[in-house]
Structures are given as C-alpha cells and as structure tokens.
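Enquirer: Protein chains in written order, with my numbering: chain A, 499 to 724; chain B, 499 to 724.
To start, I am sharing the structure in question, which I have written as structure tokens.
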DNA sequence: CCTACCGATCGGTAGG
DNA sequence: CCTACCGATCGGTAGG
C-alpha cells in the first residue's frame, strides 16, 4: 500500500506502466469489456434506437468514460454490427442445439421427428431468442436493420440465411402434407412476422407463457391432418 | 419573363415584400405547407428513422429553410405526432369506408357479409394502408412508436383502439365457428404481426400483389368450415 | 483504457 | 416563412 507512492514528486511519468503484464487476465478483461459494451449497447439500442443512443450513454452503462468504446470498436456502427453479429451467432447456435436435442430425444424413442414437432421446436426456440432472458440482441437486429451499412449487412445476412434455412424443409413438408396452406416462402415471412412482432407487445410479467404462445402459433398456422 | 428583373442593382432591399397578400391563397398554402411537411417527414422518418432525420432534411424536402418547420409545428416531436395522427385518421377512414362499401354491396345482393368476407375486407384494406401508394404514415407509426412522448401516445392510442375494434367481433365470430383456432386476442396480435411485418420485405415491383397477399393470409390463418 | 479536446451538426429561437 | 444565430450534444481522436 505504501511502498511505491511514498516519495512525492519522485517521478512525473504517467502511471500506466505500473501494472504488471499478467497476460491471461488482460485477455480475459479484453473480451469482458467488449462484451460489456455490446450488452449495454444492445439494451440501449433496443430501448431508444440506434440513432437516439449516444456512445457516451453506452460507455457509462458499461462503466467507462466517453472515449473508451472507441478503443474496442472502430466506430458506433461497428458496435451495432457487433451486437447484430453476436445476436445472430447465438441464435443460430441455440437453434441448432434445440433441433439436435429434439432429434436425439426422438431417436431414443426410436421415431423420427414429425414436421409438426420440428416446427414446434423452431417456434419455441425463436420465441425464447426474442423474448427470453438476455434478449436484446435479436430485437435490435430486427428493428435497427436500416442503421447498418451495406457492407456490414451482408455479413449478418449470411447468418440470417443459415438461420432461416432450417425452417424451409419443415415448412415445405407441412405444405406437402396439407397442414400448411399457402406458398411456403410467403408462409415463412408471415410466420416470422407474427413471431417477430411479439417483441412489440409481449409482457413477460403478465399474459401468456412462451409455451402458450408456441401452442397458439401452431394452432393458428397449421391445419389438422386430413 | 423580362419585365421585373431587367434593371440591375435597382434596389438592395430584400425582395420579401414584393408578393401581394392574396389572402385565400395564403390560407390554402398554410394547410398545404403543413401537409407538405408531414409528407416529407413521413417519408424520411420511414427511411432513416425519427432520430436520424434532421428537421433541416425535412425542411429541404418540403422546399423550406431550416427554421420554417417550427412555424408549423412546435417541435420535432409534434411533427412526428402529426404524422402518426394523420396516418391513423386516414387508415381508420379508409377501413370504415371499405367495410361500409362491402356491407352495401352485400345488401344489394340481399345477403349479410360472412365473417370470412369481413376479414378479407379488413386484411385487404390493412395491406393497402401499409403497402399501397402514400403509405409512409402507418409504417412510421408502427416502427417509431417509442420516439413519441407519453402524452402524444395516448391520443394516437385512441385511434388505434378504434381501428382494432372493428376486427374484434369478426375474429370472435370466426373463432366461434371453428374457422379460427386460438384465443381471438392473441390471434389478432399474431395476425397484425404477420401483416405489419410485410413492410420489412414487401417489394411492390416484384413478388405477389396485395390480392395475393390477402388470399395467402386468409389461407394461412383460417380453417375450412367443418 | 482515461483526459482533454475538436469540428460538425442539431433542435430551436428572435426578430422581422 | 426567412435570416442569423445560440447552446448543447455528438462521434471521434491524440497522446498518454
């Protein structure tokens, strides 16, 4: 405590080089701070919108000073792109895991998953991604799309395409069996609309649970097998 | 063409007072200028968002100088409120007219409109309001809701409630007949989601017509009568 | 990562 | 409705 700074005016050089290197902790901190910025940004972007949120607000929410976000991100847009990229990666990861998990459970019971069950898993996971805990990233991606530059958009678009690709064969199968009327491409857009819109009205405290919502969604969109 | 400005340097006084009063035209202009501002604002708000649009951009798009919008609107938020209010009034007017028109046509053929036909009229009109010509106002209302102050929100909310009120008995009837599964309140939110989301992907040049979209929407959401 | 700062832009106003 | 202007805020940077 009193070792180094005991002698006053010993040196005027900046104190930066005082801390020991501690390499591994630096790396962890680096990722932490970057993550903290993205979390804070996602929350604020969702609440106020990208343009109405200042980088100062984000810095404060992440416990930094006004200039520090630019040490981690080239500019404000890159921060938005980071949020969207991170959100889509996570959503895609969770979707894959959910589908794999359901398929494995089905295999244990020696039966293939029906298209209807597949859709239930996809819808349920999508609602979780939209409305569950830590669910600011995807709403930001959905509703701040126009604020992203063209170049950054294409990167996120690849992840979006992968995410939607899992839905296509499921909807096609349901259409083939007569359980889903209407062209599958349009049906997917309408289905995503119905789900994505829920971030505008869903109140986690009141109203239905995510299971209820999943149930109702399937009831609304699917016909009984003839 | 060459009458007034022929003599150079005749006077250095500003030219402002040259135009004659022409009272009636001034009045018309007043409404025109206000309307022009709201149209320009709606277009820009939709394209870039409320916060990313400057009042200078709006003034320029309406053919004015930077300070002039504040002669017509108290502040930028009031301009947004004006856009939303105007949009909802128009949408409600058109919805009422569409329903009355369909009811009249039905009466001429000596039959009451079925709930299914009512929903078709409502959906078709809603798509027109969302995607048809001059359709910037409602998308702005839908997607810039958070930028509105609480006080202004409640005014628009009354119009929104009236607009949605027309859908309630129709959806209830369809639910009672078994054509619509799922609780009518949730069904309305999902249906609006499916439709409102179309402003994110609809391309008027390509893809389906509004009639096609109406058709597919009903196919997706309604079951056949048993 | 902080401090100190810059140039640009923005909403809004006075005064005509 | 325009001109001229103001105070505040914002994204971003240099230098440590």
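Here a beta-carbon is modelled for each residue, glycine too, at the ideal position from N, C-alpha and C.
Verify whether the separation of the beta carbon atoms of residue 589(B) and residue 661(B) is less than 8 Å.
Expert: Cβ distance < 8 Å, so residue 589(B) and residue 661(B) count as in contact.
Enquirer: Are the CB atoms of residue 581(A) and residue 539(A) nearer to each other than 8 Å?
Expert: Cβ distance < 8 Å, so residue 581(A) and residue 539(A) count as in contact.
Enquirer: Using C-beta distances below 8 Å, list every residue in its chain close to residue 716(A), excluding the 5 sequence neighbours before and after it, in chain order.
Expert: Result list for residue 716(A): 614, 617, 618, 621, in chain order.
Enquirer: At a Cβ threshold of 8 Å, is residue 688(A) touching chain B?
Expert: Yes, its Cβ sits closer than 8 Å to a Cβ of chain B.
Enquirer: Go ahead and pull the three-state DSSP assignment for residue 443(B).
Expert: Not covered by the structure: residue 443(B). The range shown for chain B is 499 to 724.
Enquirer: Could you spell out the range, first to last residue, of the alpha helix (DSSP H) harbouring residue 646(B)?
Expert: No alpha helix (DSSP H) holds residue 646(B); DSSP gives it neither H nor E.
Enquirer: Given that residue 549(A) touches chain B, what residues does it touch there, using C-beta distances under 7 Å?
Expert: Simply 547, 549, 550.
Enquirer: Rounded C-beta distance between residue 635(B) and residue 585(B)? I'm assuming under 8 Å.
Expert: So it is a contact: roughly 3 Å between Cβ atoms.
Enquirer: How big is the Cα-Cα spacing for residue 573(B) and residue 604(A)?
Expert: About 60 Å.
Enquirer: At a CB-CB cut-off below 9 Å, which residues of chain B make contact with residue 665(A)?
Expert: Residues of chain B passing the Cβ test: none, with the nearest at roughly 15 Å.
Enquirer: Can a CB atom of chain A be found closer than 8 Å to the CB of residue 670(B)?
Expert: So, not an interface residue.
Enquirer: Is any beta-carbon of chain A found at less than 8 Å from that of residue 675(B)?
Expert: It does not; no Cβ of chain A falls within 8 Å.
Enquirer: Apart from the five residues just before and just after residue 623(B), which ones in its own chain have a Cβ nearer than 7 Å to its Cβ?
Expert: Answer for residue 623(B): 592, 593, 596, listed in chain order.
Enquirer: Hey, does residue 718(B) have any beta-carbon neighbour from chain A nearer than 8 Å?
Expert: Yes, its Cβ sits closer than 8 Å to a Cβ of chain A.
Enquirer: Does the beta carbon of residue 651(A) come closer than 8 Å to any beta carbon on chain B?
Expert: So, not an interface residue.
Enquirer: Answer with yes or no whether the minimum CB distance from residue 696(B) to chain A is below 8 Å.
Expert: Answer yes: the Cβ-Cβ gap between residue 696(B) and chain A drops below 8 Å somewhere.
Enquirer: Going straight from the alpha carbon of residue 628(B) to that of residue 668(B), what length do you get?
Expert: Using only the alpha carbons, I get a separation of about 20 Å.
Enquirer: In chain B, which residues lie with their C-beta within 8 Å of the C-beta of residue 644(A)?
Expert: Those are 545, 546, 547, listed as they occur along chain B.
Enquirer: Would you tell me roughly how many angstroms separate the C-alpha atoms of residue 706(B) and residue 626(A), rounded to the nearest one?
Expert: So the alpha carbons of these two residues sit roughly 31 Å apart.
Enquirer: Rounded to the nearest angstrom, how far is the Cβ of residue 654(B) from that of residue 583(B), given a contact under 8 Å?
Expert: At roughly 6 Å, the Cβ-Cβ gap stays under 8 Å, so residue 654(B) and residue 583(B) are in contact.
Enquirer: Please state whether the Cβ-Cβ distance between residue 695(B) and residue 695(A) is less than 8 Å.
Expert: A contact, by the Cβ cut-off of 8 Å.
Enquirer: Measure the beta-carbon distance from residue 664(B) to residue 692(A) and round it to whole angstroms, keeping in mind my assumption that it falls under 8 Å.
Expert: That pair is no contact at about 20 Å.
Enquirer: Of the choices 639(B), 633(B), 601(B), whose alpha-carbon is the least far from that of residue 657(B)?
Expert: For the residues 639(B), 633(B), 601(B), the minimum Cα distance to residue 657(B) belongs to 639(B).
Enquirer: Counting C-beta neighbours from all protein chains within 10 Å, is the total for residue 724(A) 16 or more, i.e. buried, or is it exposed?
Expert: Exposed: under 16 other Cβ atoms inside 10 Å.
Enquirer: In whole angstroms, what separates the C-alpha of residue 559(B) from that of residue 609(B)?
Expert: Taking the straight line joining both Cα atoms gives about 49 Å.
Enquirer: Distance check for residue 546(B) and residue 712(B), CA to CA, integer angstroms please.
Expert: Distance between the alpha carbons of residue 712(B) and residue 546(B) is about 28 Å.
Enquirer: Do residue 718(A) and residue 679(B) have their CB atoms nearer than 8 Å?
Expert: Closer than 8 Å, so yes.
Enquirer: Excluding sequence positions up to five away, which residues of its chain have a Cβ less than 8 Å from the Cβ of residue 556(B)?
Expert: Excluding positions up to five away in sequence, the list reads 535, 538, 539, 542, 567, 577.
Enquirer: What separation, rounded to the nearest whole angstrom, lies between the Cα atoms of residue 725(A) and residue 575(A)?
Expert: There is simply no residue 725(A) to check, as chain A begins at 499 and stops at 724 in what is shown.
Enquirer: At the 8 Å Cβ level, is residue 658(A) part of the contact set with chain B, yes or no?
Expert: For residue 658(A), the answer is no, since every Cβ of chain B falls outside 8 Å of its Cβ.
Enquirer: Name the chain B residues that come within less than 8 Å of residue 685(A), Cβ to Cβ?
Expert: By Cβ distance, chain B contributes 714, 718.
Enquirer: Let me see if you follow: with CB-CB separation under 8 Å, is residue 522(B) close to chain A or not?
Expert: Note that residue 522(B) scores a pLDDT of 38, beneath 50, so its modelled location is shaky; the value from the coordinates is reported in the next line. Not closer than 8 Å to any Cβ of chain A, the Cβ of residue 522(B) fails to qualify, so no.
Enquirer: Just list the alpha helix (DSSP H) runs in the stretch 557 to 601 of chain A, keeping only unbroken ones of 4 residues or longer that don't cross its boundaries, in chain order.
Expert: Counting only runs of 4 or more, we get 567 to 570.
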